[in-house]
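Student: Pasting in a structure now, in structure tokens, and then I'll have a few things to ask.
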Amino acid sequence: KANRSGLPDLIRFCPEAPGYELIEIKGPGDKLQDNQIRWLAYCADHGMPVRVCHVSWREPASSSLADGSSHGACPDASAP
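Residues in the sequence shown are numbered consecutively from 868, following this note's numbering.
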């Protein structure tokens, strides 16, 4: 029952190179819960690409994903 929640929020598929990465999103004031920490450790221990992305509010940018621009391939999840 303890493993029913806590999976990362997103799965990012990488069209430029075969692969994927699991991403846990954390907003301002949000912290990893114990069940999320367990899932992140499980994924890392099994060689699955996983990361935590900390986001914050900002002013609207002049360009966004909606403009159709390319934002590149998945970064190397093993890089610091």
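For each residue, glycine too, the CB sits at the ideal point set by N, CA and C.
Measuring only the C-alpha atoms, how far is R905 from A884?
Tutor: Straight-line Cα distance between these residues: approximately 28 Å.
Student: Is there a C-beta anywhere in chain C that falls below 8 Å from the one on P895?
Tutor: Checking the listed chains, one finds no chain C in this structure; it contains a single protein chain.
Student: Rounded C-beta distance between V919 and E891? I'm assuming under 8 Å.
Tutor: Yes, V919 and E891 are in contact; Cβ-Cβ is about 5 Å, under 8 Å.
Student: Could you tell me the distance, in whole angstroms, from the CA atom of N902 to the CA atom of D912?
Tutor: One C-alpha to the other measures close to 15 Å.
Student: Rounding to the nearest angstrom, what Cα-Cα distance links Q900 and H921 in this structure?
Tutor: Going from the Cα of Q900 to the Cα of H921 covers about 14 Å.
Student: Could you check how far apart the C-beta atoms of G886 and P927 are, in whole angstroms? I think they sit under 8 Å.
Tutor: That pair is no contact at about 31 Å.
Student: Which of the three DSSP states is assigned to R918 in this structure?
Tutor: Strand.
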